[in-house]
Amino acid sequence: GRYLMDALLPSLLLVALARASPASTNASAYKTAEGSFVVRIGVYDTKGAVATANYSADVEHVSFFGHLAVETHSNSSDEDQAYGLGFIEGYLTHERIYNHYLNMRCQVNCSGDPGSDDPVVNWLKNQDTWLESEINRRSSWDPVFAHMKLVRLQFKGLIDGYASAAPESRQLPTWAFTLINAVGDIFDIKPAVNETARPDVDRMSKEELNLYKVKNGHCSVLVKVTGDFSEMFFGHSSWFTYSSMLRIYKQYRTRFSDASRAVNQQMSFSSYPGMLSSLDDFYLMHDTKLVMLQTTNSVLDPNAFEKVTSEGLLAWQRIRTANALAKTGKQWSGIVSVWNTGTYNNQYMVINVGAFKANDGLPDDILWVVEQMPGLVKGGDVTPALRRGYWPSYNVPYWPEVYNGSGYALMDQKEGHSIGSEYELAPRAKIFRRDQGNVVDFETYKHIMRYNDFKNDPYAEGSPYGAVCSRGDLSETRPSPGGCYDTKASSASRFLDGGVAEIVNGPTTNGGELPPFSWKNFEDSPHNGMPAVWNFTFEQVQSPWAMDQ
């Protein structure tokens, strides 16, 4: 028997290795003489193609994140590179885009294309018309609109690439792509155009307020330095509807000739099919060595929505622009502050990881916190807080003018501490304060970002939402398929050496203590293209171009 085993071993090993490396597809996008684009599968042509890409679907990965890496080549114009970047993505990921759209369309209208009578659609149309005219007017001299021109071309390429790959029965209207990309902005466009959709804090129960906050995107971030400053950990866990769990980790590398349009041309970010931003947000900028993380702040004062305007850049558009143009947190804050639509109102954390020196003091401006509400963006250096060990973020505004202006003070008067709105006493504020000292290495950092022990943790107050990684499906009173559904984590040493991160998709099991999420009790919620049971593990990802640095 032993000899047979020995004979079999090499082939068994090969099988194991084959499983370990995901099956992926290479592709190249070319511009034809007529000016249209075509994709050739199985070719990675860095000499003749406008864009080349490698894609592996979620089912190939232990994390259940798909993986897409696209690079564009300097033999093409900046405009063609931007369009090709979108085209090859739309082409390769068309199956997931179709399912993600089916899962997301109920955010505005479950039957599909709501038509131009819909006030949300109308608002977005007005914004796009404004954007087009401003690009025409300003892109020759204003770097923000010069870059926006490229992002808009990428968006057009995405739509056309999808259309050229998807079968006739699965063609999608432009609206599908607008919805997917603006889904975060739509959280605030809906109440802006429809007063009845605004939160009525006076009338809502505690449970309703919790559901309102989770439905409008919610996340956890912890930036943690070790006691001797030898390492800095950072990461993000997203909270939103579980219908949004089709995921792709994306890496872009462009080679635009005009540097005024993009200082940073290499980035990695957690994303979704058909989406050109992160939404979560989790971005690694490999040229500028900036990292950007984000958690959502709800707008709880109904009057604040009066300041929402369609004459500006949507959050996803401003973020892409700031990520490309800023070299520092201060610059990033400045870019995001202009053209604020007041939609997708978030706390952004920009970490200048390039300025981190192991075992040395933290220099000023290593961590900037920038918060947006309708009519106001406020940013500043919070490095002094990080020097004490950690910076937590949990959907409560930090800057007092944003806290008060968004209506959090109103909610405190009504509910007191238990709702989790008061900055120092939100459940996650208490959990992070108590547990951040246990983070001594990458494993303990990942553990806290997946943490949910609501049955035993007094700070959770019995609620599965009272955790770093919430599980709305486990609520006894109002179970809902929403909550925390991923974690992305990295550290200064990992990021600076190869752009390395670890990612996992799906709700937490808290290390096997909670049952894995299953769709079987929530069959009515859209979950096209998803597995029935979610129990995935962390996977290491890195920049495919890190070695070229």
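In mature numbering (1 follows the signal peptide of the UniProt record, and there is no 0), the protein residues as written are -20 to -1, 1 to 529. Every residue, glycine too, gets a C-beta built ideally from N, C-alpha and C. As the structure is a prediction and not an experimental result, all values here were calculated from the model.
Could you tell me the distance, in whole angstroms, from the CA atom of T5 to the CA atom of G22? The alpha-carbon atoms of T5 and G22 are separated by roughly 6 Å.
Kindly identify the DSSP beta-bridge partner or partners of G215. In the DSSP assignment, G215 is bridged to L202 and A469.
Return the CA-CA distance between V448 and L273, expressed in angstroms with no decimal places. Computed Cα separation, rounded: 15 Å.
Counting along the chain, where does the beta strand (DSSP E) carrying H41 start and finish? No beta strand (DSSP E) holds H41; DSSP gives it neither H nor E.
Would you list, in sequence order, the uninterrupted alpha helix (DSSP H) runs of no fewer than 4 residues that lie entirely inside the region 419 to 447? As summarised for the region 419 to 447, the continuous alpha helix (DSSP H) elements at least 4 residues long and confined to that stretch are 422 to 429, given in chain order.
Between F516, F44 and F125, which has its C-alpha nearest D490's C-alpha? Per the sequence shown, the amino acid found at residue 490 is Asn instead of Asp. When each option's Cα is compared against that of N490, the closest is F516.
Could you tell me which whole beta strand (DSSP E) segments of length 3 or greater appear in the region 297 to 366? The region 297 to 366 contains these whole beta strand (DSSP E) runs: 326 to 332, 347 to 353 and 356 to 361.
In angstroms, rounded to a whole number, what distance separates the CA positions of S43 and N116? One Cα belongs to S43, the other to N116, and the distance between them is close to 42 Å.
On the criterion of 16 or more Cβ atoms from any shown chain inside 10 Å, does R414 qualify as buried, or is it exposed? With fewer than 16 Cβ atoms within 10 Å of its Cβ, R414 is classed as exposed.
Can you tell me whether C449 is helix, strand or coil according to DSSP? DSSP, read as helix, strand or coil, puts C449 in coil.
Report buried or exposed for S450, applying the criterion of at least 16 other Cβ atoms within 10 angstroms of its Cβ. Result: buried.
Which class does V101 belong to by DSSP, given the choice of helix, strand or coil? V101 falls in the helix class under three-state DSSP.
Is the separation between the beta-carbon of K307 and that of L270 shorter than 9 Å? It is a contact, given that the beta carbons lie within the stated cut-off.
Do you know offhand how far E148's Cα is from E112's? Looking at the two C-alpha atoms, the distance is approximately 29 Å.
Grab me the residues of A29's own chain with a C-beta within less than 7 Å of its C-beta, minus the 5 sequence neighbours each way, in chain order. Listed in chain order, the non-local C-beta contacts of A29 below 7 Å within the same chain comprise S8, A9, Y10 and H53, local neighbours out to five positions each way being set aside.
Rounded to whole angstroms, what is the Cα-Cα separation between L280 and A365? Distance between the alpha carbons of L280 and A365: 27 Å.
Meets three-Cβ-pair contact criterion under 8 Å: the region 58 to 76 and the region 125 to 135: When Cβ pairs closer than 8 Å are counted between the two stretches, the region 58 to 76 is seen to touch the region 125 to 135, the count reaching three or more.
When you compare only the Cα positions, how much space is there between L(-4) and L159? Only weak support is given to the placement of L(-4): the predicted model assigns it a pLDDT of 41, under 50, and the value that follows is read from those uncertain coordinates. Distance between the alpha carbons of L(-4) and L159: 40 Å.
According to DSSP, is L273 part of a helix, a strand, or is it coil? Note: L273 maps to strand in three-state DSSP.
Given this structure, state the Cα-to-Cα distance separating E114 from D180, to the nearest angstrom. Between E114 and D180, the C-alpha separation is close to 36 Å.
Out of curiosity, what's the CA-to-CA distance linking F336 and K426? So the alpha carbons of these two residues sit roughly 21 Å apart.
How close, in whole Å, do the beta carbons of Q246 and D267 come, if the pair is a contact with beta carbons under 8 Å? With a beta-carbon spacing of about 5 Å, Q246 and D267 fall inside the 8 Å limit used to define contacts.
Using only CA atoms, which one of E211, E14, E482 and V333 lies nearest to V419? It is E211.
Shorter than 9 Å from the beta carbon of R85 to some beta carbon of chain B? This model lacks chain B altogether, as it is built from one protein chain only.
Y403: which of Q416, G387 and L226 sits nearest, CA to CA? Closest by alpha carbon: G387.
My assumption, with CB atoms under 8 Å, is that P123 sits in contact with L305. Please give the rounded CB distance. With a contact defined as Cβ atoms closer than 8 Å, P123 and L305 qualify at about 6 Å.
Under the three-state DSSP convention, the category S498 falls into: Strand, per DSSP.
On the DSSP letters alone, give me the boundaries of the alpha helix (DSSP H) that M255 sits inside. Here M255 belongs to no alpha helix (DSSP H), and DSSP marks it neither H nor E.
Under three-state DSSP, which class holds E114? Of the three classes helix, strand and coil, the one that applies to E114 here is helix, per DSSP.
One or two residues paired with C464 in a DSSP bridge: Secondary-structure assignment with DSSP links C464 through a beta bridge to W219.
Going by Cα to Cα distance, which pick from A31, C464 and A49 is closest to Q231? The shortest C-alpha separation from Q231 is found at A49.
DSSP three-state label for E402, please. Here DSSP, grouped into helix, strand and coil, assigns E402 to coil.
Using DSSP's beta-bridge definition, name the partner residues of L293. Per DSSP, the beta bridge partners of L293 are N320.
Can you tell which of L494, R183 and C464 has the C-alpha that lies nearest to the C-alpha of M225? Measuring from the Cα of M225, the nearest candidate turns out to be C464.
Option nearest L390 by Cα separation, candidates D182, T12, A172 and K129: The alpha carbon of L390 has as its nearest neighbour, out of D182, T12, A172 and K129, the alpha carbon of D182.
Mapping the DSSP letters down to three states, classify A177 as helix, strand or coil. A177 falls in the helix class under three-state DSSP.
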